[in-house]
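Chemist: This is the structure I have questions about; it appears just below.
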Amino acid sequence: MAVNWLRKLASGAPVPVFPIVGRAGESALQALYLSPAVTVTRSPRHARALAVLGVIGQRDREAFRRVHDQVPAPRVTFWFSDTAIPEALRSSVVIGEASTDIGAQIARAAKALYGGQPSGDVDMCPDEPPAPWKGVGDGHGGEGMMGGKPYGRPMAMPEDDLRDGLQLDPLAFSIGPFSPLLPPGMVVECKLHGDVVAQWELVGRPYERTLAPVFYQALEEPVAIADLELARAASHLRGLAEALQLAGLGAYANRLRRGAARLTPGQSVDKIGGSGVLRALRWSAGTEKGVVEGDARVRLRGPGARAAGYPGDARQNDPAYAALGFKPVTQGGGTCVARWKQWIEEADQALKLAEAAARSQTMSSPSGLVESPLGPLTKSSPLPDCSDLIDSLVVGLEWSEAIAVLSSFDLPAVRDLDSTRAREDAS
Amino acid sequence: MELRQLLVLLLVALITGALGVWLQYSPGQAKKHIPWPQRAPFLGGGQPHTHAWTRFHVRYYPMTLLLIAFEMEMMFMYPWAVVYVSEGLKALTEMGMFLGILSIGILYGWREGAFKWQ
Amino acid sequence: MSLALLIVSVCSVLLALAVGVYCVAAFDHAVEARVSGARGGSALMAPLQQAALLWYAPENRTETSDIPAWRVAPVLYLMFAAMGLALVPWHSRFVPVDLSTGVVLWGAIEPLATVVIFLKGWAPNAPFPILGAYRYVSLGLSYILVSMFVLIGVALPAESLQFKAVVESQAELWNVIRQPLGLPLFLIVGLGVSFWGPLNFIDADDLNGGGAAEDSGRIRLLWAVGRAAMLVAFSAIGATAFLGGWQGPWLPGPVWLGLKTLALLLVLVVLGQYLPRPGPERFLTIAWVVLLPLSFLNLAWAGVEALL
Chain Z
-10 MAVNWLRKLA
0 SGAPVPVFPI
10 VGRAGESALQ
20 ALYLSPAVTV
30 TRSPRHARAL
40 AVLGVIGQRD
50 REAFRRVHDQ
60 VPAPRVTFWF
70 SDTAIPEALR
80 SSVVIGEAST
90 DIGAQIARAA
100 KALYGGQPSG
110 DVDMCPDEPP
120 APWKGVGDGH
130 GGEGMMGGKP
140 YGRPMAMPED
150 DLRDGLQLDP
160 LAFSIGPFSP
170 LLPPGMVVEC
180 KLHGDVVAQW
190 ELVGRPYERT
200 LAPVFYQALE
210 EPVAIADLEL
220 ARAASHLRGL
230 AEALQLAGLG
240 AYANRLRRGA
250 ARLTPGQSVD
260 KIGGSGVLRA
270 LRWSAGTEKG
280 VVEGDARVRL
290 RGPGARAAGY
300 PGDARQNDPA
310 YAALGFKPVT
320 QGGGTCVARW
330 KQWIEEADQA
340 LKLAEAAARS
350 QTMSSPSGLV
360 ESPLGPLTKS
370 SPLPDCSDLI
380 DSLVVGLEWS
390 EAIAVLSSFD
400 LPAVRDLDST
410 RAREDAS
Chain W
102 MELRQLLVLL
112 LVALITGALG
122 VWLQYSPGQA
132 KKHIPWPQRA
142 PFLGGGQPHT
152 HAWTRFHVRY
162 YPMTLLLIAF
172 EMEMMFMYPW
182 AVVYVSEGLK
192 ALTEMGMFLG
202 ILSIGILYGW
212 REGAFKWQ
Chain S
3 MSLALLIVSV
13 CSVLLALAVG
23 VYCVAAFDHA
33 VEARVSGARG
43 GSALMAPLQQ
53 AALLWYAPEN
63 RTETSDIPAW
73 RVAPVLYLMF
83 AAMGLALVPW
93 HSRFVPVDLS
103 TGVVLWGAIE
113 PLATVVIFLK
123 GWAPNAPFPI
133 LGAYRYVSLG
143 LSYILVSMFV
153 LIGVALPAES
163 LQFKAVVESQ
173 AELWNVIRQP
183 LGLPLFLIVG
193 LGVSFWGPLN
203 FIDADDLNGG
213 GAAEDSGRIR
223 LLWAVGRAAM
233 LVAFSAIGAT
243 AFLGGWQGPW
253 LPGPVWLGLK
263 TLALLLVLVV
273 LGQYLPRPGP
283 ERFLTIAWVV
293 LLPLSFLNLA
303 WAGVEALL
C-alpha cells in the first residue's frame, strides 16, 4: 500500500529521457525540451527511456548499440525515426507518432516501468567485457607491471606533456556521435593531458543540419521577410541556449528555447532570455579563445565570419532588405564571446526587421542565394561542413574552454533540398 | 562536559550514516547482474582507450603549496582569535605581519603563473 | 546530560536536516520553473516526486569501479553535512553539540567534504567523472581558506570559538552589519562546498554530468540529498555567525533561526539558478587574488573594530 503510494509519486515527476539525435532530428529534440512530461538528461544513466530522433547513419550503428545498452535496464526505447528498427528491438520498441506531443508518449510508455515489470527491451551488444581478462595474464588480464589489459582495458602509458615536460599519463578516448557536447553525429578522437586537450582529431563529420523550410523556399520564390527573420532569430536563440546550458544555466537555456518556439516580431533577446544573457556568457569559460587564424579564416561563414570582422552577408544584395534599412552586423576579434554576441545582435536585428517587414508586408526577392543562420545557402552548393577547423583551435585549451569554443561555432553542413540522399542510409 | 557534546555528534553522524547505507541497500534494489555493455563508460557512443585511473596531470600543484602555507597560518589563528581582545594592539600587529608576509607569497605565485593551467 | 536531552538533541538535528533538504528541493523547483517559464508541477510535491523517481531508478556499475568508495562517498558527505548542522545553537539553553571549539570542527568538515567529493568522482573509473573530480579539487582547495578567515573574523568579537558565544556577541549589532564582507564571502564558499550553481565544477553539464555521469539509482538520490544537506548546514551556520542566530523580538528563538536559515537558503538557491559557471582558471585566479585578500580585509576590519 505504501509502495503504491510511492509509485504514484514517482509517476508525478517528469520522466528522464536521453535523446539520440540523428539526421533531421533537431526539431524533435526541441519538442522534447519543451515538453512538460519529460526532462532531457545529459547522460543515459540518468534516463529511463531512450528516444531515437532522426535518422542514424550506417557508420554509427555500433555506437548506437553501445549507447542503447548504457541506459540502465529496465528501459524503454522510443522510435521516432525513419531508420529501420534493429532486429533485437523489434518487439519491444515504442513507435512514436508525429501527431501528439512525443514527450507525453514517452512518459506514458516509461511509467509502466515503475510497476516493476520488465519492459522486454534487450541489450544489443554481447554480454562480455571489452577484452577477456578472467584468468588471462596475471589472473586479471594484466601482464607485468603495466602491460596487458587488466579488467579488459589497457593501462595508460606515460608520454611527454604539452607544456612542462613531465611524463605523465594521457587520458585517451573517442567521443561519439551521440554526445550532447558535440553536434549530433560528430565523432572525435581526443587525448587529454590532465584537463588540457592535447590532441583532437575529427574522425566522423556531424550530420547535416536541417534548416527551417522557409529558408529552402526563399531560394526559389518570394517569401515574407518576417517569417525568414523569425526563423533566423529562432535558430540563433537555440544556439545560445546550448551555450547557456553548458555554462550551467539550464533554466535560462530552457527559457530561451521556449521563447524561440514562440517568437513574435518586435521582441528583444533581453526580454526573452532575461536581461544579461551576454553578461552570463562573458563570465563563462573560454570567452577569449577560439580565434581562427591564417588560411583557415577563409572557411568561416555566416555569423562566424561576421564575428571575425568580415562583413559579408547575402542579404545585402536583396533590395527588399535594403528598403528596410538592413546593414550587416560585425564584431571584431573572432573570439567565442564575439560569436555569441554576434548571435544575440543578429537575433535582435532579425526581430526588428521582422517587425518592420510585418508592417509593410515585404517579400524577399529570390536570387538563388539566401543567408541562412549558418551561412550563405545556394541551390547548387549546400554549405559544407567545417568541423575540422576545430582541430587546431582546441589543442592546449582546458576542457570547458574547448567545449565552449565548439558550442560557439555552427559547424555542420546544411542538408540540401534533395532528400533522397537521406534515404540511402536508412536501410 | 565536552564528551557529552561529542557523544551527540557521534550519534548524529552514526544515525545519518546508517540512514545512508540503508538507502543504498534497502529492498527494491534486486541484486542482479549488470551486463558488461551497460558498464562501459558513457562517451556518447565512443570508447575509452585506457582505464581512467591514470597518473593524471594536475597542473595546480604550485597552488597547493601556497594552500599549505596558509593552512598552517590558519592553525595559528584559531587560538589567536580567542585571546585577541585581551592582548590588544600587539596581537593585531603580529598577525598583520604574518598575513602580510604570506600575501607576498600570493603575489609571487600570481606573477609566476601558479594560478594558470596551461 | 540526561537521556531525554540526548534524544531531543539528536532528533532536532535530524528533523532540521529533513525539513531543510525538502525546502532546498522545493525552492529549487520553484525558482527553476519561474526562470524557465515552464508551468511544471507544484513545487511542494516536486521534491517527493523526484525522490520517488530516483528511488525506483535501477542501479548502475562501471567496468572496474571502486564500488565501496562509490557507495560510501555520498554517505560520508551526508554525515559531514549533518555534523555541521549539529553545531548550530538553537537557543542559548539548547545547543545539540556545544563544543568550545565549534568553529574548528566546522573548519575540519570543509576539507573533508572536498576529499569525499573527489572520491565520488574518482570511484567510477570513467573519463568524465575523473575530469570533474580533479577540476573540483583545484577550486575546492582555494575557497576553503576564505571561509576560515571569515569565521575567525566572526570569532574575534566573541573572544571564543564557540558558536553560542558568537551569537551572544551579536546582541547589539549583527555581524552582517559589523563585518559586511563576511556573509557574501561565506555564501560563496557555501556554494562551492556544496558544488551548487556557479561553482558546480564536478557535476557540470559540460562534462555530461561529470562526477554523476555514471550514477543511477540510490547513489544519485543520496548524493542529491547530501548536497542539499550541505547547503542547509551552510545556511544555518551563516545565520548563526552573521545574522544573530536565535536573537529576535517576538517569536521564540528557534523559529527566528529557522526563518533566517530559510532566507539564506533561498538566496543560495536563487544564486544557483542565476549565476553562470566561470571557467576554472578564471575562478582560481579570482579566489586567490580577489576573495582571499578580501577576507584579509574583513579580518583586519574585524580586528580593528573589536579593539575599539
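Residue numbers (the working numbering), protein chains in the order written: chain Z, -10 to 416; chain W, 102 to 219; chain S, 3 to 310.
Think of the CB as a built atom: it goes at the ideal place given N, C-alpha and C, for glycine as much as any other residue.
For the stretch 251 to 272 of chain Z, enumerate the residues whose C-beta is nearer than 7 Å to any C-beta of chain W, in chain order.
Modeler: Those would be none; no residue qualifies.
Chemist: Helix, strand or coil for Trp68 (chain Z)? Go by DSSP, reduced to three states.
Modeler: Mapped onto the first sequence, residue 68 (chain Z) falls at position 79. Trp68 (chain Z) falls in the strand class under three-state DSSP.
Chemist: For Ser396 (chain Z), which residues does DSSP report across the bridge?
Modeler: As a first step, residue 396 (chain Z) is located in the first sequence; it is residue number 407 there, counting from the start. Per DSSP, none; premise fails for Ser396 (chain Z).
Chemist: Beta carbon of Leu294 (chain S), beta carbon of Tyr161 (chain W): below 9 Å?
Modeler: As a working mapping, residue 294 (chain S) is identified with position 292 in the third sequence. As a working mapping, residue 161 (chain W) is identified with position 60 in the second sequence. Cβ atoms of Leu294 (chain S) and Tyr161 (chain W): not closer than 9 Å.
Chemist: List, in chain order, every chain S residue whose beta-carbon is nearer than 8 Å to that of Ala62 (chain Z).
Modeler: By 1-based counting over the first sequence, the position of residue 62 (chain Z) is 73. The answer, in chain order, is Pro60.
Chemist: Using a Cβ-Cβ distance under 9 Å, would Trp137 (chain W) count as near chain Z?
Modeler: Sequence index remark: in the second sequence, residue 137 (chain W) carries index 36 (1-based). Yes, contact with chain Z.
Chemist: Would you mind telling me which residues of chain S sit closer than 9 Å to Tyr241 (chain Z), beta carbon to beta carbon, in chain order?
Modeler: On the first sequence, residue 241 (chain Z) is found 252 positions in, with the first residue counted as 1. Within chain S, the residues near Tyr241 (chain Z) are Val37, Ser38, Gln275, Tyr276 and Pro278.
Chemist: Could you pull the start and end residues of the alpha helix (DSSP H) that Leu310 (chain S) belongs to?
Modeler: As a position in the third sequence, residue 310 (chain S) is number 308, starting the count at 1. Counting along the chain, Leu310 (chain S) falls outside any alpha helix (DSSP H), and DSSP gives it neither H nor E.
Chemist: Using only the alpha-carbon positions, how far apart do Gln320 (chain Z) and Leu42 (chain Z) sit?
Modeler: Taking the first sequence and counting its residues from 1, the one referred to as residue 320 (chain Z) is at position 331. Taking the first sequence and counting its residues from 1, the one referred to as residue 42 (chain Z) is at position 53. If I take the Cα positions, the gap works out to 36 Å.
Chemist: Ignoring anything shorter than 3 residues or poking outside the stretch 24 to 59 of chain Z, list the beta strand (DSSP E) runs there in chain order.
Modeler: If we require 3 residues or more, the beta strand (DSSP E) runs fully inside the stretch 24 to 59 of chain Z come out as 27 to 29 and 38 to 42.
Chemist: For Met352 (chain Z), does the three-state DSSP call read helix, strand or coil?
Modeler: As a working mapping, residue 352 (chain Z) is identified with position 363 in the first sequence. Strand at Met352 (chain Z).
Chemist: Closer than 9 Å, CB to CB, is Glu387 (chain Z) near chain S or not?
Modeler: For this step, residue 387 (chain Z) is matched to residue 398 along the first sequence. Yes, Glu387 (chain Z) counts as interfacial toward chain S.
Chemist: Contact between the stretch 165 to 179 of chain S and the stretch 90 to 106 of chain S: three or more CB pairs below 8 Å?
Modeler: Yes, since at least three Cβ pairs between the stretch 165 to 179 of chain S and the stretch 90 to 106 of chain S fall closer than 8 Å, the two stretches touch.
Chemist: Ser32 (chain Z) versus chain W: which residues are under 8 Å apart at the beta carbon?
Modeler: In the first sequence, the residue the question calls residue 32 (chain Z) occupies position 43. Residues of chain W passing the Cβ test: Phe143.
Chemist: Apart from the five residues just before and just after Gly248 (chain Z), which ones in its own chain have a Cβ nearer than 7 Å to its Cβ?
Modeler: The residue given as residue 248 (chain Z) occupies position 259 in the first sequence. Cβ neighbours of Gly248 (chain Z) beyond the five flanking positions: Leu226, Ile261 and Gly262.
Chemist: Would Ala6 (chain S) pass as a contact of Thr64 (chain S) if the rule is Cβ separation under 9 Å?
Modeler: In the third sequence, the residue the question calls residue 6 (chain S) occupies position 4. In the third sequence, the residue the question calls residue 64 (chain S) occupies position 62. Their beta carbons are not under 9 Å apart, which means Ala6 (chain S) does not touch Thr64 (chain S) by this criterion.
Chemist: Output the boundary residues of the alpha helix (DSSP H) element that contains Gly228 (chain S).
Modeler: As a position in the third sequence, residue 228 (chain S) is number 226, starting the count at 1. Segment Arg220 to Phe244, the alpha helix (DSSP H) holding Gly228 (chain S).
Chemist: For Thr103 (chain S), write down the residues that DSSP places opposite it in a beta bridge.
Modeler: By one-based count along the third sequence, residue 103 (chain S) stands at place 101. The partner list for Thr103 (chain S) (beta bridge, DSSP) is empty, contrary to what the question assumes.
Chemist: Got a sec? Which residues, its chain only, sit under 7 Å from Arg288 (chain Z) by beta carbon, not counting five neighbours each side?
Modeler: Indexing the first sequence from 1 puts residue 288 (chain Z) at position 299. Hits under 7 Å: Cys375 and Leu378.
Chemist: Which class does Leu261 (chain S) belong to by DSSP, given the choice of helix, strand or coil?
Modeler: As a position in the third sequence, residue 261 (chain S) is number 259, starting the count at 1. Note: Leu261 (chain S) maps to helix in three-state DSSP.
Chemist: With distance defined between alpha-carbon atoms, name the residue in Z:Phe53, Z:Arg79, Z:Pro61 and Z:Gly85 nearest to Phe67 (chain Z).
Modeler: The residue given as residue 67 (chain Z) occupies position 78 in the first sequence. Nearest option by C-alpha distance: Z:Gly85.
Chemist: List, in order along the chain, the chain Z residues whose C-beta lies closer than 7 Å to that of Ala153 (chain W)?
Modeler: Walking along the second sequence from the start, residue 153 (chain W) turns up at place 52. Here the neighbours are Leu160.
Chemist: Identify whether His134 (chain W) lies in helix, strand or coil by the three-state DSSP scheme.
Modeler: The count along the second sequence starts at 1 and reaches residue 134 (chain W) at position 33. Correct three-state label for His134 (chain W): coil.
Chemist: Which same chain residues end up closer than 6 Å to Tyr185 (chain W) when comparing Cβ atoms and leaving out the 5 residues on each side of it in sequence?
Modeler: The sequence position of residue 185 (chain W) within the second sequence is 84, counting from 1. Result list for Tyr185 (chain W): Ala192, in chain order.
Chemist: For Pro118 (chain Z), go through chain S and note every residue whose CB falls closer than 8 Å to its CB, in chain order.
Modeler: Numbered from 1 along the first sequence, position 129 holds the residue referred to as residue 118 (chain Z). Those within 8 Å of Pro118 (chain Z) in chain S are Glu65.
Chemist: In chain order, what residues of the same chain lie with their CB nearer than 7 Å to the CB of Leu53 (chain S), ignoring the 5 residues before and after it?
Modeler: Taking the third sequence and counting its residues from 1, the one referred to as residue 53 (chain S) is at position 51. According to the sequence provided, residue 53 (chain S) is Ala. The question's Leu does not apply to it. For Ala53 (chain S), where only same-chain residues beyond five positions count, the Cβ hits under 7 Å are Leu223.
Chemist: Could you tell me which of Z:Lys316, Z:Arg348, Z:Leu267 and Z:Pro202 sits nearest to Val403 (chain Z), measuring between CA atoms?
Modeler: Against the first sequence, residue 403 (chain Z) aligns to sequence position 414. Residue Z:Pro202 is the option with its Cα nearest to Val403 (chain Z).
Chemist: Can you give me the C-alpha to C-alpha distance between Asp337 (chain Z) and Ala222 (chain Z), rounded to a whole angstrom?
Modeler: Taking the first sequence and counting its residues from 1, one reaches residue 337 (chain Z) at position 348. Taking the first sequence and counting its residues from 1, one reaches residue 222 (chain Z) at position 233. One C-alpha to the other measures close to 7 Å.
Chemist: Tell me the rounded alpha-carbon separation between Ile91 (chain Z) and Arg97 (chain Z).
Modeler: Here residue 91 (chain Z) is taken as the residue at index 102 of the first sequence, counted from 1. Here residue 97 (chain Z) is taken as the residue at index 108 of the first sequence, counted from 1. If I take the Cα positions, the gap works out to 10 Å.
Chemist: Hey, how far is the Cα of Arg286 (chain Z) from the Cα of Ala294 (chain Z)?
Modeler: Residue numbering aside, residue 286 (chain Z) sits at position 297 when the first sequence is read from its first letter. Residue numbering aside, residue 294 (chain Z) sits at position 305 when the first sequence is read from its first letter. In a straight line, the C-alpha of Arg286 (chain Z) is about 8 Å away from that of Ala294 (chain Z).
Chemist: Assign Trp189 (chain Z) to one of two classes, buried (16 or more other C-beta atoms within 10 Å of its C-beta) or exposed (fewer than that).
Modeler: The residue you call residue 189 (chain Z) lines up with position 200 of the first sequence. Buried, because 16 or more other Cβ atoms sit within 10 Å of the Cβ of Trp189 (chain Z).
Chemist: How should Ile69 (chain S) be labelled, buried or exposed, when 16 other C-beta atoms within 10 angstroms of its C-beta is the threshold for buried?
Modeler: Here residue 69 (chain S) corresponds to residue number 67 of the third sequence, with the count starting at 1. The residue is exposed, with fewer than 16 neighbouring Cβ atoms inside 10 Å.
Chemist: Tell me whether the stretch 162 to 177 of chain W and the stretch 141 to 156 of chain S touch, counting them as touching only if at least three CB pairs, one residue from each stretch, are closer than 8 Å.
Modeler: The stretch 162 to 177 of chain W, when compared against the stretch 141 to 156 of chain S, does touch it at the 8 Å Cβ threshold.
Chemist: Just reading off the beta strand (DSSP E) that Ile164 (chain Z) is part of, what are its end residues?
Modeler: The sequence position of residue 164 (chain Z) within the first sequence is 175, counting from 1. That run of the beta strand (DSSP E) goes Leu160 to Ile164.
Chemist: Does Ala415 (chain Z) come out as helix, strand or coil in the three-state DSSP assignment?
Modeler: In the first sequence, the residue the question calls residue 415 (chain Z) occupies position 426. Low confidence applies to Ala415 (chain Z): its pLDDT is 45, below 50, so where it sits in the model is not reliable, and the reading given next is rough at best. In the structure shown, Ala415 (chain Z) sits in a helix (DSSP, three-state: H, G or I).
Chemist: Thinking just about the alpha-carbon of each residue, which of S:Gly260, S:Leu233, S:Trp252 and S:Met232 is nearest to the one in Leu245 (chain S)?
Modeler: For the purposes of this step, residue 245 (chain S) is identified with residue 243 of the third sequence, where counting begins at 1. It is S:Gly260.
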